[in-house]
Amino acid sequence: MAGEAIIINVARASLWLQPHRIVLVLIALALVFAAAFFMRWDWLPQYYEMALVGLWRTLWILAVTCTLGFLLAVPLGLAQAAGPFWLAAPAKAFCTVIRGTPLLLQLWLLYYGLGSLFPQYPWIRESWMWPYLRQAWPYGVLALTLSFAGYEGEVMRGAFAGVPKGQLEAARAFGMSRWKILRRIWLPQAFYRALPTLTGETVLQLKSTPLVATISVIDIFAVSSKVRQSTFLTYEPLLLLALIYMAITGILVFALGKIEARIPNKIG
Amino acid sequence: MARIIELLSPTPPGWGGTLLVGLLHSVEIAAGAFGLGLVIGICGAYGKLYGGPVVRDLLAVYTTIVRAVPELVLILLLYYAGTDLINQLLTAMGYQRIDISGLVAGIAVLGFVQGAYSTEVIRGAILAIPQGQIEAARAYGMSPGLLLRRITLPAMLPFAIPGLANLWLIATKDTALLAVVGFFELTLATRQAAGVTKAYLTFFLAAGVIYLLLTLVSNLIIGRIELRARRGMPSLKEAR
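Residue numbers (the numbering used here), protein chains in the order written: chain G, 1044 to 1311; chain R, 1247 to 1486.
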């Protein structure tokens, strides 16, 4: 058994490592070495810690907004798929508005627009929320959450509508209450249907996170801008930044793919 | 209310005219980038489907990298690298350095990004064409160019339109990112107007309405184009 597996692996490796690929990999390695030796990297030790903090902030924003956004997307999808008109129409309008306007504009609307409105009201300035409302990150998190919810809500609508009627009818015939049907039958099946899109949406969300740098949240993108301003280097920080984002994307796709593979893929 | 109308009026005391100029620039860039992306996409899809192993691998690297790196980073990288590279080439060949206009740079950068996505869309659409149609065209002795023009492009269009429509909407929204590199389009115009008048909420909401209208009007037109491209085919509802 083990021998067979090794033979298959070797066959796969030799299929992948065709002669032209070896040449391409060598060229790529040469480019990397050229970049490492001929470009300036002496600023790295100085900004290393700052970059780690920025990276942590980016990942944190990504995790929080994806989770909250998905939790918001479930009722949005449900309202559109099965809700009465007075629930379905606002949910649809929300998704249309979010998907129809640029995220940067939404972000600036919340930060500059709402942010300029709040200080006018004394009761907001005296409330416990004020220390948070004065900072930039709540607006960034809010905008990214709403954006994720808008895009994923549309996906969840399709997922809820795609669950076969027979399943729900069978559940009703068993005398399950509506809440129980949702919890045991409808939501799990809709979730499995939406799962393949979730990887793509998460990667898209990762690619949206640098926008929060424009409202002065110090994420990894903002750190690279800072390095560029203070060292007058154009390419090195940007290239490293692109590499970091590619690495995160790769890890995300790999990890979510693993999770996806564990979910039973037979959809009834 | 009167103040809002005054602020948004198209003549100088109001800033409506500024916003409209910004909208015009946004649409110009989006259209240019989408067109450039289509050209890259058709070439890329052909390369991925019919190219040699090296071309295929290089295209795979292109689409993977572009789709894995945030647009904002790509825009900055290509904007600086592109203008720098062209100027270095020009000085090396003995010409004067030139200033590349924001419009051209924006179109080139966003078009490069769009190209990666439309490569995948068009590749999938070409694969969805019944293979017999292409084989029949070959059997008639059509040259590759004629085959592309008469068979492949028209036949793949109905399959590509949903994806391409999505890309057009993404292009209109991605133009907003050019505000970060200081190109004067709708979002930057809005920010300037809001900064001067301090009426942030009014202007950002107005810009949101404009973007939304652009999306909705685009959807209407796309629906028409899709109807025309799918003529003679079963409607989407019956096909399901």
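All C-beta atoms in this analysis are idealised placements derived from N, C-alpha and C, irrespective of residue type, glycine included.
Where do the ends of the alpha helix (DSSP H) carrying residue i lie?
i          : result
Met-1402/R : 1399-1420
Val-1260/G : No alpha helix (DSSP H) contains Val-1260/G, which DSSP labels as neither H nor E.
Thr-1277/G : Looking at the DSSP string, Thr-1277/G is not in any alpha helix (DSSP H), and its letter there is neither H nor E.
Leu-1491/R : Outside the displayed range of chain R (1247 to 1486) lies residue 1491/R, so it cannot be described from this structure.
Ile-1332/R : 1317-1338
Trp-1222/G : 1221-1224
Pro-1239/G : 1230-1251
Gln-1089/G : 1087-1125
Met-1199/G : 1180-1205
Gln-1379/R : 1377-1385
Ala-1136/G : 1128-1143
Gln-1438/R : 1432-1443
Arg-1395/R : From DSSP, Arg-1395/R is part of no alpha helix (DSSP H); its letter is neither H nor E.
Val-1285/R : 1262-1296
Pro-1062/G : 1062-1081
Ala-1214/G : 1208-1216
Leu-1349/R : 1348-1374
Leu-1152/G : Neither: Leu-1152/G is in no alpha helix (DSSP H) and is coded neither H nor E.
With 8 Å as the threshold, decide whether the Cβ of residue i is near any Cβ in chain G.
i          : result
Val-1315/R : yes
Ala-1374/R : no
Thr-1461/R : yes
Lys-1294/R : no
Asn-1333/R : no
Ala-1453/R : yes
Ala-1383/R : no
Arg-1486/R : For Arg-1486/R, the pLDDT reaches just 42, beneath the cut-off of 50, and the residue's location in the model is therefore unreliable, leaving the point undetermined.
Phe-1358/R : no
Tyr-1341/R : no
Leu-1270/R : no
Tyr-1363/R : no
Leu-1458/R : yes
Ala-1354/R : no
Leu-1336/R : no
Leu-1423/R : yes
On the criterion of 16 or more Cβ atoms from any shown chain inside 10 Å, does residue i qualify as buried, or is it exposed?
i          : result
Trp-1151/G : buried
Asp-1345/R : exposed
Leu-1466/R : exposed
Pro-1404/R : buried
Lys-1444/R : exposed
Ser-1190/G : buried
Gln-1123/G : buried
Glu-1381/R : exposed
Trp-1314/G : What the structure shows of chain G is the stretch from 1044 to 1311, and residue 1314/G is not part of that stretch, so it cannot be assessed.
Glu-1431/R : buried
Trp-1414/R : buried
Ile-1456/R : buried
Asp-1330/R : exposed
Gln-1232/G : buried
His-1063/G : exposed
Ala-1256/G : buried
Met-1339/R : exposed
Ala-1374/R : exposed
Glu-1317/R : buried
Thr-1337/R : exposed
Gly-1205/G : exposed
Ile-1306/G : exposed
Glu-1197/G : buried
Quick check: is the beta carbon of residue i nearer than 8 Å to any beta carbon in chain R?
i          : result
Lys-1250/G : yes
Leu-1176/G : no
Leu-1147/G : yes
Phe-1128/G : no
Phe-1076/G : no
Gly-1120/G : no
Val-1140/G : yes
Arg-1100/G : no
Met-1082/G : no
Gly-1123/G : In the sequence under discussion, the amino acid at residue 1123/G is Gln, which differs from the Gly named in the question. Not closer than 8 Å to any Cβ of chain R, the Cβ of Gln-1123/G fails to qualify, so no.
Met-1093/G : no
Gly-1300/G : no
Gln-1061/G : yes
Kindly indicate if chain A contains any beta-carbon less than 8 Å away from that of residue i.
i          : result
Pro-1299/R : Of the protein chains in the structure, G and R, none is chain A.
Between residue i and the ligand NAP, is there a pair consisting of the residue's CB and a ligand heavy atom that are separated by less than 7 Å?
i          : result
Gly-1196/G : The model on display carries no ligand, and the ligand NAP is accordingly not part of it.
Along the region 1187-1205 of chain G, what residues have a CB closer than 9 Å to any CB found in chain R?
-> none
Proximal residues, the region 1302-1314 of chain R versus chain G, C-beta separation under 9 Å = Asp-1303, Leu-1304, Val-1307, Thr-1310, Ile-1311, Arg-1313, Ala-1314
Mind checking the region 1315-1330 of chain R against chain G and listing, in chain order, the residues whose C-beta falls within less than 8 Å of any C-beta there?
-> Val-1315, Pro-1316, Glu-1317, Leu-1318, Val-1319, Leu-1320, Leu-1322, Leu-1323, Tyr-1326, Ala-1327, Asp-1330
Members of the region 1428-1442 of chain R near chain G, C-beta cut-off 9 Å = Leu-1432, Thr-1433, Thr-1436, Arg-1437, Ala-1440, Gly-1441
Residues in the region 1380-1412 of chain R having any Cβ partner in chain G nearer than 8 Å | none
Check each residue of the region 1270-1286 of chain G: if its Cβ is closer than 7 Å to any Cβ of chain R, include it; give the result in chain order.
-> Thr-1277, Tyr-1278, Leu-1281, Leu-1284, Ala-1285
Name the residues in the region 1237-1264 of chain G whose C-beta lies less than 9 Å from a C-beta of chain R; which are they?
-> Val-1246, Leu-1249, Lys-1250, Ser-1251, Thr-1252, Pro-1253, Leu-1254, Ala-1256, Thr-1257, Phe-1264
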